[in-house]
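Enquirer: In this note's numbering, the protein residues as written are 175 to 322.
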Amino acid sequence: MSETLLQHALGLKCQEIMTAEYGKQRIDVHIRTKAQYLTCAECGSKNVLKKGYTERCFLTAPIGSKTVHLIAQIQRLECRDCGLIRQEHIGYADPKKSYTHFLEEYMDDLLETISVAAVASRLGMSWNTVKGIQTRNEKTGKAKRNPE
Ligand SMILES: [Zn+2]
175 MSETLLQHAL GLKCQEIMTA EYGKQRIDVH IRTKAQYLTC AECGSKNVLK KGYTERCFLT
235 APIGSKTVHL IAQIQRLECR DCGLIRQEHI GYADPKKSYT HFLEEYMDDL LETISVAAVA
295 SRLGMSWNTV KGIQTRNEKT GKAKRNPE
């Protein structure tokens with residue numbers, strides 16, 4: 175997949191796809207940050223060494239009727255400038271969340287016309303999660319729609 179298509183279809187920047195698995199109802203896309211975009215989460219230096227990684231799974235916006243999961247390698251980086259070891263900062267999801275900003279935007283669009291329950295069912299998420307995101311976005315002024 176070209177970088178431009180990747181950016182537009184999945185809302186990802188600075189990432190590369192290592193592989194993808196295509197199931198009947200879901201697509202798993204294995205990604206990692208391109209080496210040239212790895213920076214120290216503490217001081218922003220690019221002078222970093224990879225020190226292993228952990229894998230995290232994020233639900234993102236679907237492609238057609240298929241759910242899409244990003245299986246992301248999150249690098250552990252040692253900074254040669256400040257000396258600290260930190261996980262890389264990722265731009266496409268909030269810390270501790272298992273879904274992407276891209277999915278939140280998609281949800282916001284859906285919630286303009288259909289209910290929380292319908293969105294939850296369509297995206298394979300719990301009602302509580304969708305409602306939680308809607309409430310949070312309303313508080314932060316992201317949402318444009320009327321409450322359910
Ligand atoms: Zn640093």
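Glycine included, each C-beta is placed from N, C-alpha and C at the ideal position.
With distances taken from CA atoms, which of Gln308, Gly306 and Lys220 is nearest Arg260?
Expert: Minimum Cα distance to Arg260 is reached at Lys220.
Enquirer: Determine the extent of the alpha helix (DSSP H) in which Met281 is found, giving its start and end residues.
Expert: Start and end: His275 to Leu285.
Enquirer: Alpha helix (DSSP H) containing Lys313: first to last residue?
Expert: Residues Trp301 to Lys313.
Enquirer: Indicate the three-state DSSP secondary structure (helix, strand or coil) for Asn320 in the structure shown.
Expert: Caution applies to Asn320, whose pLDDT of 45 falls short of 50 and renders its modelled position unreliable; the model cannot decide the point.
Enquirer: Less than 7 Å between C-beta atoms, sequence neighbours within five positions excluded: which residues of the same chain meet that for Asp202?
Expert: Excluding sequence neighbours, Asp202 sits near Ala194, Glu195, His243 and Ile245.
Enquirer: Would the C-beta of Leu258 count as close to ligand 1, meaning under 7 Å from any of its heavy atoms?
Expert: For ligand 1, at least one heavy atom lies less than 7 Å from the Cβ of Leu258.
Enquirer: Using the beta-carbon count (16 or more within 10 Å), is Arg206 buried or exposed?
Expert: When all chains shown are included, Arg206 counts as buried.
Enquirer: Counting C-beta neighbours from all protein chains within 10 Å, is the total for Tyr266 16 or more, i.e. buried, or is it exposed?
Expert: So Tyr266 counts as buried.
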